[in-house]
Amino acid sequence: MSTHASAVEPARSVWEGGQSPYATNSKKFGMWLFIISDSLTFSAMLFAYTYSRVTNPDWPKPFDFSPAVIFSTVMTFCLLSSSLTMVMAVHAMNHGDRKATVRWIVATMVGGAAFVVLHLSEWMKLINVEGVTPFKNPWGVPLFGGTFFALTGLHMTHVICGLIYLAIVAQGIARGKFKAEDVEVSGLYWHFVDLVWMFIFPLVYLMSARVG
Amino acid sequence: MSNHAEVAEHVGGTTGTFAKVWIALLVMTGIEVLLAYEQVPTLIMLTALLGLSIVKAALIIAYFMHLKFEKLSLFLTLFPMLIFCIILMLIFLGDAVRIPNMRPPV
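These protein sequence lines are chains A and B, in that order. Heads up, the first sequence is in the numbering used here, so the first residue is 16 and it goes up one at a time. Heads up, the second sequence is in the numbering used here, so the first residue is 2 and it goes up one at a time.
As structure tokens, then:
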């Protein structure tokens with residue numbers, strides 16, 4: 016009888032209230048909103064880099080294929096692999112395996128830390144050997160240093176923040192505090208950091224590669 | 002019940018799928034690096050690199066960020082606006098192209 020009554024009742028839209036139209040929790044939706052707004056920040060910076068390059072036909076190509084591009088390819092490999100381990104952490108947590116989750120998050124952090132170390136050593140080479148700063152460089156196009164350090168610096172800051180975030184989440188999971196949705200939300204942030212690098216790597220490094 | 006609901010909510014891809022996506026991302030990165038090594042003409046290079054980057058981003062969003070397994074309403078709320086705003090940033094491209102021609106000869 017009740018089944019019959021519910022079948023006759025007209026279907027209500029999920030937008031009429033009392034339901035979750037996105038069928039997701041508020042933490043995850045909040046992180047998605049942050050990711051979208053941060054995407055616009057990085058997009059604006061990538062456009063600024065690209066427009067600065069277009070307006071300066073003598074834009075420098077400071078990255079030798081070997082070792083600079085190979086170096087940044089290894090950095091890309093580290094980030095991509097850390098995204099895979101992060102997915103595995105979310106997967107393990109969804110199956111209730113807290114120990115495996117902590118192990119996968121630690122593996123993710125190792126990948127992220129390797130990225131930061133390699134990136135900083137590349138920065139040091141540019142600053143100390145090539146003489147590039149945000150305000151001047153030996154190739155006579157000051158905007159290169161300004162846009163390069165702003166873009167890659169903001170990304171590196173995100174990676175470092177992500178490492179701190181993951182450390183807090185891993186510690187919470189080890190102590191039995193956080194739930195699966197918390198790992199998933201931290202995973203969203205980490206994948207976003209990886210995603211941004213998928214645009215910085217080709218546009219900044221590969222487009223300015225010098226072979227021979 | 003709540004545990005069951007939690008697991009059901011997060012179903013989205015298997016470890017095999019994630020590994021395949023990771024390999025696809027690595028292969029596309031390899032192709033990008035090869036293009037840089039071959040020093041193909043700038044316009045072709047830019048088009049190819051941007052195309053590959055968009056495909057890589059889509060794979061990460063769909064599988065690693067699980068958007069493929071979320072409700073369509075979430076995607077429709079977030080992404081058309083983002084794509085529209087990014088396209089709007091192209092407005093200044095014309096100015097960027099014109100500026101080198103507007104500089105007085107030295």
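Note that the Cβ used here is the ideal one computed from N, Cα and C, for glycine as well.
Just curious, the alpha helix (DSSP H) that residue i is in, first and last residue?
i: Phe57 of chain A; result: 41-70
i: Phe92 of chain A; result: 85-109
i: Asn143 of chain A; result: Neither: Asn143 of chain A is in no alpha helix (DSSP H) and is coded neither H nor E.
i: Glu33 of chain B; result: 16-39
i: Met46 of chain B; result: 43-60
i: Asp96 of chain B; result: 94-103
i: Met82 of chain B; result: 73-89
Do residue i and residue j have their C-beta atoms within less than 7 Å of each other?
i: Trp154 of chain A; j: Gly177 of chain A; result: no
i: Ser201 of chain A; j: Val184 of chain A; result: yes
i: Thr162 of chain A; j: Ala63 of chain A; result: yes
i: Leu210 of chain A; j: Ala58 of chain B; result: yes
i: Leu109 of chain B; j: Pro217 of chain A; result: Past the edges of chain B, shown from 2 to 107, lies residue 109 of chain B, and the structure says nothing about it.
i: Val226 of chain A; j: Phe80 of chain A; result: yes
i: Pro72 of chain A; j: Pro101 of chain B; result: yes
i: Phe164 of chain A; j: Pro75 of chain A; result: no
i: Thr56 of chain A; j: Ala97 of chain B; result: no
i: Tyr64 of chain B; j: Gly14 of chain B; result: yes
i: Val105 of chain A; j: Val198 of chain A; result: yes
i: Leu166 of chain A; j: Met60 of chain A; result: yes
i: Ser54 of chain B; j: Phe130 of chain A; result: no
i: Glu137 of chain A; j: Phe86 of chain A; result: yes
i: Met37 of chain B; j: Ala122 of chain A; result: For the record, residue 37 of chain B in the displayed sequence is Ala; it is not Met. Result no, Cβ atoms of Ala37 of chain B and Ala122 of chain A do not sit closer than 7 Å.
i: Asn40 of chain A; j: Glu145 of chain A; result: no
i: Leu141 of chain A; j: Val132 of chain A; result: no
What does residue i pair with, by DSSP beta-bridge criteria?
i: Phe78 of chain A; result: A:Ala224
**Message:** Pairs of beta-carbons, one from the region 23-32 of chain B and one from the region 181-194 of chain A, closer than 8 Å: are there three or more?
**Reply:** no
**Request:** Please confirm if the region 91-102 of chain A is in contact with the region 120-136 of chain A, defined as three or more CB-CB distances below 8 Å between the two stretches.
**Result:** yes
**Asked** Are three or more beta carbon pairs between the region 110-123 of chain A and the region 24-43 of chain B nearer than 8 Å?
**Response** no
**Message:** Please give me, in chain order, every unbroken run of the alpha helix (DSSP H) with length at least 4 that falls completely inside the region 143-224 of chain A.
**Reply:** 157-189, 195-215
**Asked** Okay, do the region 48-58 of chain A and the region 66-84 of chain B touch, 3+ Cβ pairs below 8 Å being the bar?
**Response** yes
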